[in-house]
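Below: one structure, written as structure tokens.
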Amino acid sequence: MADFTDDLRLAHLLADNADSITMSRFMADDLAVTIKQDYTVVSEADRGAEQAIRRSLSAARPRDAVHGEELADTGWSARRWVIDPIDGTANYVRGVPVWATLIALMVDGIVRVGVVSAPALGRRWWATESGGSWMGKTLFSGTRIHVSDIDQVGRAFLTYSSLSAWVGGGRGQQFVDLMRDCGRTRGFGDFFSYMLVAQGSCDIATEPSLALHDMAAPDIIVREAGGRFTNLDGYEGPIGPGALATNGRLHAEVINRLMLKPEQA
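With the working numbering applied, the sequence shown covers 23 to 287.
See the structure below:
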């Protein structure tokens, strides 16, 4: 089995660099913000953090491919780094501290390393293949994390992002019915939902529309914590449509409940 220890160390260094850039501009009065073609916001900090990560990867892993949210893909390799410089940019530009830099390494199409760094929360989560999932401030001060053992939807804590996209994706009624039956629901959204599942604070996290850069790092962190991460059709991994992360015990039932009805497919 391949050893990804050096890649994990590098991912932490990349996250350190990104944190210094994003925190230096967080809540800045003169932060430059623009609207992208998909009507989402992007800030100068998003672009600056991704550029810095790419420069470091170019020096440290020149043969690896890179996929990021803000800049064009580079390279062609079985090893591909996947970057979201700021997941939760809408929070970032409004001064809400729930945002993070997401860094993952995929090898042969499977996520092998993942780091999620949320400096405004003072937290970081990470995982490597067969190395477990961890939470802490640095690589050397982490605590191993595990998903919950809740096995009934009626006792489950569900976290999600928004409701409108569920309706647009044709699964609105299924999602509302699931919410009604869960023991507790909160809209934490973005990376934070998946990290809460990985650390056992929540039991179900799901979103109807996501991109690879949103899902790659959370995928391995949830899996290595003992949970499952699939798309909404039940296929393993960070490829849509959407994403569902659970503690594993609830996964089959939730997938079944969120399935498109024959007339919707």
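Using N, Cα and C, we set each Cβ at its ideal position, and we do this for glycine too.
query, result
"Which one of Asp109, Asp25, Trp98 and Asn278 has the shortest CA to CA distance from Glu151?", "Asp25"
"Among Ser78, Ser65, Asp106 and Pro230, which residue has its Cα nearest to the Cα of Val198?", "Pro230"
"Measure the Cβ-Cβ separation of Leu79 and Trp103 and say whether it is below 7 Å.", "yes"
"Could you give the residue range of the beta strand (DSSP E) that holds Arg166?", "Gly164 to Ile167"
"Quick one: which unbroken beta strand (DSSP E) runs of 3-plus residues sit fully inside the region 206 to 256? Chain order, please.", "206 to 208, 226 to 229 and 250 to 252"
"If I'm right that Asp212 touches Gly110 with Cβ under 8 Å, what's the distance once you round it to whole angstroms?", "4 Å"
"Which value, in whole angstroms, describes the spacing of the CA atoms of Ile108 and Thr252?", "22 Å"
"For the structure I just gave you, are there three or more beta carbon pairs, one from the region 232 to 240 and one from the region 185 to 192, closer than 8 Å?", "no"
"If you draw a straight line from the C-alpha of Asn269 to the C-alpha of Val175, how long is it?", "11 Å"
"Which value, in whole angstroms, describes the spacing of the CA atoms of Ala94 and Gly205?", "42 Å"
"Decide if Ala71 is buried, meaning its Cβ has at least 16 other Cβ atoms within 10 Å, or exposed.", "buried"
"Would Leu127 and Val135 be called neighbours here (beta carbons separated by less than 7 Å)?", "yes"
"Taking buried to mean at least 16 other C-beta atoms within 10 Å of its own C-beta, is Thr165 buried or exposed?", "exposed"
"For His34, which option in Gly97, Val138, Tyr61 and Thr62 has the closest C-alpha, if you only look at C-alpha atoms?", "Val138"
"My guess is that Ala247 and Ile167 are in contact by the Cβ rule of under 8 Å, so how many angstroms apart are they, rounded?", "5 Å"
"Give me the Cβ distance between Val219 and Ala267, rounded to the nearest whole Å; I'm assuming they're in contact under 8 Å.", "5 Å"
"For Arg77, name the three-state secondary structure that DSSP assigns.", "helix"
"Are the CB atoms of Val55 and Ser65 within a distance shorter than 7 Å?", "yes"
"Please classify Ser49 as buried or exposed, where buried requires at least 16 neighbouring CB atoms within 10 angstroms.", "Looking at the sequence itself, residue 49 is Met, so the reference to Ser does not match. Per the 10 Å Cβ criterion, exposed."
"Between Arg76 and Val88, which are expected to be in contact by the criterion C-beta below 8 Å, what is the C-beta distance as a whole number of angstroms?", "6 Å"
"Sort out for me which residues DSSP pairs Ser46 with in a bridge.", "Beta-bridge pairing links Ser46 to no other residue."
"So Leu254 packs on Leu272, CB below 8 Å; how close in whole Å?", "No, Leu254 and Leu272 are not in contact; Cβ-Cβ is about 14 Å, not under 8 Å."
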